[in-house]
Amino acid sequence: MKEQDCSAVYDDLIEMLEHLSLGWIAGQVAEVINTGRVVEEIVSGRKSPDLKLSYHTPSEQLLLLIGALEKAIVDSMEIELDIAEAFIGQANKLTSPEIHFIASLSSRKSRINGADHTLAQGKKQLKTLKNSFNQLKQKIAQGQNSSLVETIRDQLEPMINSEVQTLGRNSNLYKYYIFNLILKAAQNEGARIYYQDVLKHSPEQLIFREHAGQIDDTSHGYTHAVIEFENKPVLELHIGVKAQGRLRVLYDCDICILYKIEAERCRENQRIPRASGILLIVDCQNYTAELPLATAQAFIALSSNCA
Numbered sequence: 006m007k008e009q010d011c012s013a014v015y016d017d018l019i020e021m022l023e024h025l026s027l028g029w030i031a032g033q034v035a036e037v038i039n040t041g042r043v044v045e046e047i048v049s050g051r052k053s054p055d056l057k058l059s060y061h062t063p064s065e066q067l068l069l070l071i072g073a074l075e076k077a078i079v080d081s082m083e084i085e086l087d088i089a090e091a092f093i094g095q096a097n098k099l100t101s102p103e104i105h106f107i108a109s110l111s112s113r114k115s116r117i118n119g120a121d122h123t124l125a126q127g128k129k130q131l132k133t134l135k136n137s138f139n140q141l142k143q144k145i146a147q148g149q150n151s152s153l154v155e156t157i158r159d160q161l162e163p164m165i166n167s168e169v170q171t172l173g174r175n176s177n178l179y180k181y182y183i184f185n186l187i188l189k190a191a192q193n194e195g196a197r198i199y200y201q202d203v204l205k206h207s208p209e210q211l212i213f214r215e216h217a218g219q220i221d222d223t224s225h226g227y228t229h230a231v232i233e234f235e236n237k238p239v240l241e242l243h244i245g246v247k248a249q250g251r252l253r254v255l256y257d258c259d260i261c262i263l264y265k266i267e268a269e270r271c272r273e274n275q276r277i278p279r280a281s282g283i284l285l286i287v288d289c290q291n292y293t294a295e296l297p298l299a300t301a302q303a304f305i306a307l308s309s310n311c312a
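Position one of the sequence shown corresponds to residue 6 (the working numbering), numbered consecutively onward.
Written out as structure tokens, the structure reads:
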């Protein structure tokens, strides 16, 4: 596919994303394209190379956009399928398969249905969409023209719900996916897993913070998982908890593990956990394109002050 053809297909895909209310995907890709990439240039007589900015060609831009689409749509649906399968094994622990993410200062909810039977029906659609993306990438590599954009659009439309296929929902989905991976790993090592809310009740459904907040917040029945290994201290696994770093700065822990006895002290005394008392902190960044430099810098600050 010629470079000018790649530009035309890129524009067509952007238009398609806007039509499907998925403009946030295009925005993340545009940020990467506008930033450019750093390349090393060897200079005669110097030991270390110079750093220079290089910008993506139209074909590279198109491949970035296709990759972002795959991550945002295909990967997210595969994550949902994985979550749905996990809920089958948790049927005896929860009376509702719904997962709610709630903003602390409002009643606004983001909902994920852990037992959405339409997800299983979408496996075939997902496979067809993957094939279309692969065909488009092959045509770019082989220099062939492509008219696959309309085909991809027709395949995407029945799979997309613009009200829920948002950046915020995908971020919540990814956090719960990592949360669930940790629980699976603990179960594989023989742990007993159960859920509690902030008042030590057994919850009927899972409720998490959409943004990190205080571990003792009782404004909603925020849920955490309790992990019990034989003859070991009991652990708690949380989503969205503030932690105090070494420099007395508060950091957002997307996911964290701490000893249950420490978590209970923090709830009883209404204080924020110290990072030194947290066993594991996970920073979840679900980007469809490359991570922005500012995000990487923030992660370095988090790791250095919470180590």
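For every residue, glycine included, the Cβ atom is placed at its ideal position computed from N, Cα and C.
Cross-strand partners of residue i (DSSP beta bridge)
i	result
residue 287	260
residue 279	249
residue 255	249
residue 244	260
residue 199	231
CB contact check: residue i to chain D, cutoff 8 Å
i	result
residue 236	In the structure shown, chain D cannot be found, because there is only a single protein chain.
Nearest to residue i (by Cα), restricted to the options the options
i	options	result
residue 81	38, 165 and 146	165
residue 156	175, 68, 136 and 252	136
residue 254	184, 140, 303 and 229	303
residue 108	277, 273 and 219	219
residue 143	11, 163 and 263	11
residue 241	223, 271, 310 and 305	271
residue 336	256, 294 and 305	No statement about residue 336 is possible, as the shown extent of the chain runs from 6 to 312 and does not include it.
residue 260	266, 214, 104 and 175	214
residue 79	175, 49 and 300	175
residue 293	24, 43 and 77	77
residue 148	305, 300, 104 and 8	8
residue 297	20, 38 and 279	38
residue 72	193, 305 and 35	35
residue 189	106, 91, 268 and 162	91
residue 307	287, 291 and 295	287
residue 281	273, 185 and 268	268
residue 237	266, 205, 299 and 224	266
residue 212	106, 204 and 26	106
residue 278	248, 301, 295 and 305	248
residue 26	74, 52, 13 and 46	74
Residues near residue i in its chain [Cβ-Cβ closer than 6 Å; skip 5 each side]
i	result
residue 134	160
residue 29	172
residue 313	The shown model of the chain, from 6 to 312, leaves out residue 313, and the question about it has no answer.
residue 262	240, 242, 284 and 285
residue 44	57 and 59
residue 289	179, 180, 183 and 259
For residue i, three-class secondary structure by DSSP
i	result
residue 225	coil
residue 96	In this prediction, residue 96 has a pLDDT of 49, which is less than 50 and means its spatial position is unreliable; what the coordinates show is noted afterwards. Residue 96 falls in the coil class under three-state DSSP.
residue 220	coil
residue 235	coil
residue 204	coil
residue 153	coil
residue 211	strand
residue 305	helix
residue 194	coil
residue 294	coil
residue 107	strand
residue 57	strand
residue 52	coil
Own chain residues within Cβ distance below 8 Å of residue i, not counting five before or after
i	result
residue 41	58, 59, 60 and 61
residue 15	63, 66, 67 and 70
residue 182	84, 87 and 88
Proximal residues to residue i (C-beta, below 7 Å), its chain only, five neighbours per side dropped
i	result
residue 196	232, 233 and 234
residue 145	6, 11, 64, 67 and 68
residue 202	208, 226, 227 and 228
residue 22	28, 30 and 31
residue 153	137, 140 and 141
residue 275	221
residue 48	54 and 55
Complete runs of the beta strand (DSSP E) confined to the stretch 14-50 [at least 3 residues]: 42-46
Contiguous beta strand (DSSP E) assignments of at least 3 residues, all confined to the stretch 60-86: none
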